[in-house]
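Single-structure report; data block below.
Printed below as a string of structure tokens:
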């Protein structure tokens, strides 16, 4: 789907050309008669990557595309700092230190934007030349107004990402149009600040495919372009204020192609709204390493994931990049992991030289084809959703599509079909956790949306169970393993047994039920319950009054043995039975005990 003029072909006359037929013959010889189709790589997007690509691939695209429009300057290294409480002065000081040590900007995630010390920020960081991003859940126009007042006459640089809390299923969506229009108005005349965010990272961090992330991001942008313009705010001004947030996973080449495909389709989208072509070049993409693929087990492997993710982001054309510390899932911010994360961009830019080339993927037979395939699939999906009414009407459909893909990923990881080093393959059996499993599972900040969560929580819960049994503790616990996770556990267990050892299995528990591990000093039992049963159980254990409508139970709930036993019975939890095996035997086999 090239929308740029063709470039002159590059010739290397000193190297003899190798035809497609010659490559195919060599492939057949090396495979010793096997079908070359075995080397195809099926992507979750619904198509496969071929074993090799030749110049005919570019011819099929209409010729070699010219580089995508992208700034010549390298990407900005923008670490993320979370302001969990208070006015953020400590985090602002940390930001100043980071900027002095290799960072090009800072991204603040604000729990309470109304308390953020904007005057202190303006004093410590010269906002006229410092790139600063802000993510917040409420009052975006209020924060921007305060920033403008704190730095009068200053053209801010950076971005604003408004990420309101999820709306419960069936509830009416709040109308944020007035607030967002005000954000655009406040930043008029600030060409280096983007006041409107397309939060594609939300989809990626819940397991969406590359195609879905692109399509859903375009649907979001289309909704903003359709809903925000009025007599005082032209569509071109809305488009100029937009930027896109994406996350990048370790799937190296598809992630490069994902960013490139989005940039191409952005031009198509703006053209569809009748907007000037020069706005295509104003798109800014902020990329971040994905929490979806980050792990708590063997956490140093996250350094390797983050390296490939960062490379994909910058080679794909990201304008700014945030790399998470490798231990951010369970550790407080610390200088060691923060410095490693910050220096990753510095190494890629200063030592690897990745910032010296404009669109380095341009002309690659493989990457150009992959970019085109992703763009075509994403555009068709975008059009289907728009034909169904677009956002917000198709919100539930998007959620169901992501849930389906995520569930398949959970299954593949649990069964070992998808390898996660340190989690389901090449585990460190003697790993000494640098966190307390019980404290982590009880924490409201523990990210339960990740791909490896069901596998991790089972291992952590198992470790706690055997520890509880050895200590002969007087308490018991119920651990939330996930939705329908018991079936994944059973499938993984059966795969470890010889066919003649495999027991007859009872019918699976009802779809949509929560999988639980009941653990006491005497026994461990896999159970299941409806979300409503578990919610009532958690409220009882923690004495949460009925008038408190919003309550998110922790992953681990514990109480004295008698209380928990009675609560499990009263609230109707059901046991998941495996004929001939106890739950402890199942867990021990899965954990290699």
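Numbering (the working numbering), first residue to last: 17 to 609.
Note that CB positions come from ideal geometry on N, CA and C, so glycine has one too.
For residue i, which residues does DSSP report across the bridge?
| i | result |
| --- | --- |
| residue 575 | 492 |
| residue 543 | 532 and 591 |
| residue 502 | For residue 502, which the question treats as bridged, DSSP gives no partner whatsoever. |
| residue 58 | 64 |
| residue 120 | Paired residues: none, contrary to the question. |
| residue 303 | 262 and 337 |
| residue 442 | In DSSP, residue 442 forms no bridge with anything. |
| residue 610 | Lying before the first or after the last residue shown, residue 610 is absent from the chain, which here runs from 17 to 609. |
| residue 177 | 151 |
| residue 209 | 174 |
| residue 246 | 249 |
| residue 214 | 260 |
| residue 568 | Paired residues: none, contrary to the question. |
Buried or exposed, going by whether 16 or more other CB atoms sit within 10 Å of the CB of residue i?
| i | result |
| --- | --- |
| residue 54 | exposed |
| residue 339 | buried |
| residue 327 | buried |
| residue 502 | buried |
| residue 35 | exposed |
| residue 549 | buried |
| residue 562 | exposed |
| residue 13 | Given a span of 17 to 609 for the chain in the structure shown, any question on residue 13 remains unanswerable. |
| residue 320 | exposed |
| residue 109 | exposed |
| residue 8 | Nothing can be reported for residue 8: it is not among the residues displayed for the chain, which extend from 17 to 609. |
| residue 368 | exposed |
| residue 46 | exposed |
| residue 452 | exposed |
| residue 373 | exposed |
| residue 350 | exposed |
Report the option in the options whose CA atom is closest to the CA atom of residue i.
| i | options | result |
| --- | --- | --- |
| residue 220 | 576, 306, 505 and 603 | 306 |
| residue 494 | 512, 167 and 551 | 551 |
| residue 527 | 369, 420 and 401 | 420 |
| residue 459 | 518, 434, 345 and 516 | 345 |
| residue 138 | 165, 236, 576 and 489 | 165 |
| residue 124 | 147, 118, 453 and 405 | 147 |
| residue 135 | 110, 114, 149 and 103 | 103 |
| residue 59 | 398, 235, 386 and 525 | 386 |
| residue 575 | 567, 568 and 584 | 584 |
| residue 360 | 347, 373, 397 and 318 | 318 |
| residue 170 | 161, 592 and 78 | 161 |
| residue 408 | 61, 73 and 189 | 189 |
| residue 64 | 75, 52 and 74 | 52 |
| residue 402 | 591, 114, 235 and 127 | 235 |
| residue 541 | 350, 592 and 33 | 592 |
| residue 283 | 256, 191, 261 and 272 | 256 |
| residue 281 | 238, 364, 559 and 567 | 238 |
| residue 547 | 519, 516 and 587 | 587 |
| residue 191 | 558, 543 and 180 | 180 |
| residue 155 | 399, 177, 205 and 97 | 177 |
| residue 316 | 294, 349, 353 and 330 | 353 |
| residue 289 | 271, 245 and 364 | 245 |
| residue 241 | 202, 261, 291 and 442 | 291 |
| residue 531 | 539, 571, 513 and 567 | 571 |
Ordered along the chain, which non-local residues of its own chain (more than five positions away) have a Cβ less than 6 angstroms from that of residue i?
| i | result |
| --- | --- |
| residue 263 | 217, 220, 221, 304 and 306 |
| residue 175 | 149, 210 and 259 |
| residue 163 | 134 |
| residue 477 | 495 and 533 |
| residue 569 | 554 |
Only counting the same chain, and skipping five residues up and downstream in sequence, which positions put a Cβ closer than 7 angstroms to that of residue i?
| i | result |
| --- | --- |
| residue 39 | 68 and 70 |
| residue 324 | 266 and 268 |
| residue 577 | 490, 491, 492 and 536 |
| residue 295 | 252, 255, 256 and 286 |
| residue 398 | 231, 234 and 235 |
Grab me the residues of residue i's own chain with a C-beta within less than 8 angstroms of its C-beta, minus the 5 sequence neighbours each way, in chain order.
| i | result |
| --- | --- |
| residue 72 | 36 |
| residue 355 | 117 |
Kindly indicate if chain B contains any beta-carbon less than 9 angstroms away from that of residue i.
| i | result |
| --- | --- |
| residue 34 | Absent here is chain B; the protein component of the structure consists of one chain. |
Is residue i near the ligand COA, judged by its Cβ being under 8 angstroms from some heavy atom?
| i | result |
| --- | --- |
| residue 539 | Among the components of this structure there are no ligands whatsoever, and the ligand COA is therefore not found. |
Could you check whether the region 222–229 touches the region 140–149, counting it as contact only if at least three pairs of C-beta atoms, one from each stretch, sit closer than 8 angstroms?
In short, these stretches do not touch, since the Cβ pair count stays below three.
Any contact of the region 497–506 with the region 472–486, i.e. 3+ C-beta pairs under 8 angstroms?
Three or more beta-carbon pairs separated by less than 8 angstroms link the region 497–506 to the region 472–486, which places the two stretches in contact.
Across the region 88–98 and the region 110–126, are there enough close Cβ pairs to call them in contact, namely three or more that are closer than 8 angstroms?
Verdict: yes, contact present.
Quick one: any contact between the region 590–609 and the region 505–516, if contact means 3 or more CB pairs under 8 angstroms?
These segments touch.
Quick check: the region 432–446 against the region 307–321, are at least 3 beta-carbon pairs closer than 8 angstroms?
Contact holds: three or more Cβ-Cβ distances are below 8 angstroms.
Using 8 angstroms as the threshold, is the region 440–457 in touch with the region 244–251, meaning 3 or more CB pairs across them?
Not touching, per the Cβ criterion.
Is the region 377–385 touching the region 476–491 in the sense that three or more CB pairs, one from each, lie closer than 8 angstroms?
Put simply, the region 476–491 does not touch the region 377–385. Fewer than three CB pairs are less than 8 angstroms apart.
Is it a yes or a no for the region 190–207 touching the region 388–396, going by three-plus beta-carbon pairs under 8 angstroms?
Flag = no, the region 190–207 and the region 388–396 do not touch.
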